[in-house]
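**Q**
Numbering (the working numbering), first residue to last: 16 to 146.
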């Protein structure tokens, strides 16, 4: 009985497990829509959860957007997350081959773009009471 419960718990947890990444911006740029472009360095970072969406790091943020894995016949695999509101469209793309990412926020007349590197986060689940 214990073995069947453990097997069922393992199957359920693996079926619902999300892939998670933390991504750090290395460079950024802002275009104001009238030709002015400001370049910047990194500083912002994002958590990406393939089932919950993405958010800036920190305790005061909630996940937003929907994510989808894509792959192409020429071998490129990506995780793409999109969130759209009345005032903004945010898109974050993680290249799963080398874990580079890009994020863009389009506010109608202003575009904010970030690019950088991600690391995959691994979570370990312990089940006590089973041997």
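Even glycine gets a Cβ: it sits at the ideal position worked out from N, Cα and C.
#1: Just confirm the distance between the C-beta atoms of residue 154 and residue 86, as a whole number of angstroms; I'd bet it's less than 8 Å.
#2: Just the Cα atoms here: how many angstroms apart are residue 30 and residue 55?
#3: What residues in its chain sit with their C-beta under 7 Å from that of residue 7, if we drop five residues either side in the sequence?
#4: Who are the near neighbours of residue 119 in its chain, counting only those whose CB is closer than 6 Å to its CB and skipping five residues on each side?
#5: Report yes if the C-beta distance between residue 96 and residue 38 is below 8 Å; otherwise report no.
#6: Just the C-alpha distance for residue 110 and residue 40, rounded to the nearest angstrom, thanks.
#7: Expressed to the nearest angstrom, what Euclidean distance is found between the alpha-carbon atoms of residue 136 and residue 83?
#8: Just the C-alpha distance for residue 62 and residue 69, rounded to the nearest angstrom, thanks.
#9: How many Å lie between residue 59 and residue 73 at the Cα?
#10: Start and end of the beta strand (DSSP E) containing residue 132?
#11: Among all the DSSP beta bridges, which residues are the ones paired with residue 81?
#12: Can you tell me whether residue 33 is helix, strand or coil according to DSSP?
#13: Which same chain residues end up closer than 8 Å to residue 125 when comparing Cβ atoms and leaving out the 5 residues on each side of it in sequence?
**A** Let me lay it out:
#1: The structure shown has nothing for residue 154, since the chain only spans 16 to 146.
#2: Summary for residue 30: the model assigns pLDDT 43, below 50, so the residue's position carries little reliability; its value from the coordinates is reported in the next sentence. Taking the straight line from one Cα to the other gives about 40 Å.
#3: Residue 7 is absent from the structure shown; the chain starts at 16 and stops at 146.
#4: Excluding sequence neighbours, residue 119 sits near 106, 128.
#5: Not a contact, by the Cβ cut-off of 8 Å.
#6: Straight through space, the alpha carbons of residue 40 and residue 110 are spaced by roughly 14 Å.
#7: Approximately 18 Å between the Cα atoms of the pair.
#8: Taking the straight line from one Cα to the other gives about 6 Å.
#9: Roughly 10 Å separates the two Cα atoms.
#10: Per DSSP, residue 132 belongs to the beta strand (DSSP E) from 126–136.
#11: Paired residue(s): 97.
#12: Here residue 33 sits in coil by DSSP.
#13: Its chain contains 45, 46, 47, 48 as the residues whose beta carbon lies nearer than 8 Å to that of residue 125, once the 5 sequence neighbours on both sides are disregarded; these appear in chain order.
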